[in-house]
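In our numbering, the protein residues as written are 1109 to 1515.
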Amino acid sequence: MKFEAFANKVWLATPTMHGNELTYITEALDTNWVSTEGANLERVERLVTEKIGCKYAVPLSCGTAALHLAVKLAGVKPGDTVFCSDMTFDATVNAIVYEHAEPVFVDSEYDTWNMDPKALEKAFELYPKTKAVVVVNLYGTPAKYDEISAIAEKYGAVVIEDAAESFGAIYKGRQTGNFGTYNVISFNGNKIITGSSGGMLLTEDREAADKARKWSTQSRENAPWYQHKELGYNYRMSNIIAGVVCGQMPYLEEHIARKKAIYERYREGFKDLPVTMNPYDRETMQPNFWLSCLLIDESAMCEQIRGDTESRYQTAPGKTCPDEILELLAKYNVQGRPIWKPMHLQPLYEKQPFVTVSGNMRDAEAPEEMTDVGADLFQRGLCLPSDIKMTPEQQDKIIEMVKYCFE
């Protein structure tokens, strides 16, 4: 084997601090505003609304909290059906279940790996009374919002945009975080801009923003004492977390540019391999390139079998699979990841409806004959190291490791 392990681990995606974050944190400490009020919270609202171009931003403890409040604002009640992107992290779905609603998973498309508008149309034919559609911008690539929004409007459903992974991405000239009635971004530790944690709910509706603020403060009424008429949550962002985000915000475009350079370096390095990178429409979309992902051509896949927690593969000349590549990277101190396992394949949600362009797979007489794009992407795809602190020399070595797997 011609490779040597990296002395320092090359990570998938880690926070990149620039130093001025400490200015805002220190101000919070010096002024004793370390809890859920303070100047940093006011600043971060202004910075985010100006960047995204929305009217109201509600700072919250995490993106999941923002998703939960978005579902509540959409009027979702127990027993309601809510359509949800199938290819996502389970926080997206959990927010629906918190309100005791029924998630219905909508299959992905190969064009963007996001929710397939044709599958969404089929879902509405099957479940026309659905209240809301939660759409995820996977790995920083916008979904096809013109088509998705038009379909949702036809059926009177509310669109919730899960832009947790796509802060700074653009679709047809507009920042993501603008395409739903309620929208969500995340400042989790691995996101393109981080507060170590935290998230935001974005909306054009002042009444909705005020409701979200109230719910996030345990639904405290405007009274001299603690007065409560409805269920609330402790979902507020702290002034310290807001300070970290304030310090990060000036570097958003720089982070995006560096992420894009990583994506393009991989694309160029793999041009002679039977693979493709996570796709997007170059005419209408400017992703933030949060994670660079690889999809192996079906003809170049060796045999790979995955169970719930374990997998195995059989090597073959000229072929490979995600698990073989990930195993080799890990051997040399490099972190990669499988792409999100679709929600309809998760034990927690395996009984929920799953709609493809052909219909509800759960009701199909021969489900193995139906299209399942998400399962195919999961089988053939992986996330490559996309940390902006990775050097070009480190990335070149990683490219060579991936090439080796195809020998």
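Here a beta-carbon is modelled for each residue, glycine too, at the ideal position from N, C-alpha and C.
Quick caveat: nothing in here was measured; it's all calculated off a predicted structure.
When burial is assigned at 16 or more other CB atoms within 10 Å of the CB, is residue i buried or exposed?
i: N1386; result: buried
i: S1143; result: exposed
i: S1407; result: exposed
i: I1413; result: exposed
i: L1339; result: exposed
i: Y1218; result: exposed
i: H1363; result: buried
i: L1456; result: exposed
i: H1176; result: buried
i: R1314; result: exposed
i: N1148; result: buried
i: H1452; result: buried
i: K1252; result: buried
i: G1415; result: exposed
i: G1171; result: buried
i: W1333; result: exposed
i: N1342; result: exposed
i: N1396; result: buried
i: P1450; result: buried
i: G1264; result: exposed
Rounded C-beta distance between residue i and residue j? I'm assuming under 8 Å.
i: E1261; j: V1292; result: With 8 Å as the limit, E1261 and V1292 do not qualify as a contact, their Cβ atoms being about 20 Å apart.
i: A1136; j: G1146; result: 6 Å
i: V1242; j: V1166; result: So it is not a contact: roughly 18 Å between Cβ atoms.
i: I1278; j: Q1394; result: 4 Å
i: Y1421; j: E1432; result: 5 Å
i: R1488; j: L1434; result: With a Cβ gap of about 13 Å, R1488 and L1434 do not count as contacting.
i: G1444; j: P1493; result: 6 Å
i: I1259; j: L1228; result: 5 Å
i: G1307; j: A1173; result: 6 Å
i: G1285; j: F1295; result: That belief does not hold up - the Cβ atoms of G1285 and F1295 are roughly 13 Å apart, past 8 Å.
i: E1273; j: L1246; result: 7 Å
In the DSSP output, what is residue i paired with across the bridge?
i: K1427; result: A1424
i: L1168; result: G1307, R1344
i: S1419; result: R1414
i: V1465; result: For V1465, which the question treats as bridged, DSSP gives no partner whatsoever.
i: S1294; result: G1307
i: C1098; result: Here the chain covers residues 1109 to 1515 and nothing more, so residue 1098 does not appear.
i: A1240; result: V1190, V1266
i: V1481; result: Paired residue(s): none; V1481 is not in a bridge.
i: M1385; result: L1402
With distances taken from CA atoms, which of the options is nearest residue i?
i: S1305; options: E1477, L1168, E1391; result: L1168
i: D1077; options: E1391, G1426, Y1218, C1192; result: Given that the chain is displayed from residue 1109 to residue 1515, the structure contains no residue 1077 and the question cannot be resolved.
i: P1382; options: M1409, R1373, R1344; result: M1409
i: T1479; options: N1396, F1111, V1214; result: V1214
i: G1276; options: R1321, A1317, W1398, K1180; result: W1398
i: T1220; options: D1194, A1199, T1249, L1234; result: T1249
i: P1225; options: Y1235, A1199, E1255; result: E1255
Q.
If we require 3 or more residues per run, which beta strand (DSSP E) segments fall completely within the segment 1387 to 1414?
A. 1401 to 1404, 1411 to 1414
message = My parser needs the alpha helix (DSSP H) runs of 4 or more residues fully inside the segment 1150 to 1218; what are they?
response = 1171 to 1181, 1198 to 1206
**Prompt:** In the segment 1264 to 1289, which residue ranges form an unbroken beta strand (DSSP E) of at least 3 residues, counting only runs that do not cross its ends?
**Reply:** As far as the segment 1264 to 1289 is concerned, its whole beta strand (DSSP E) runs of at least 3 residues are 1266 to 1270.
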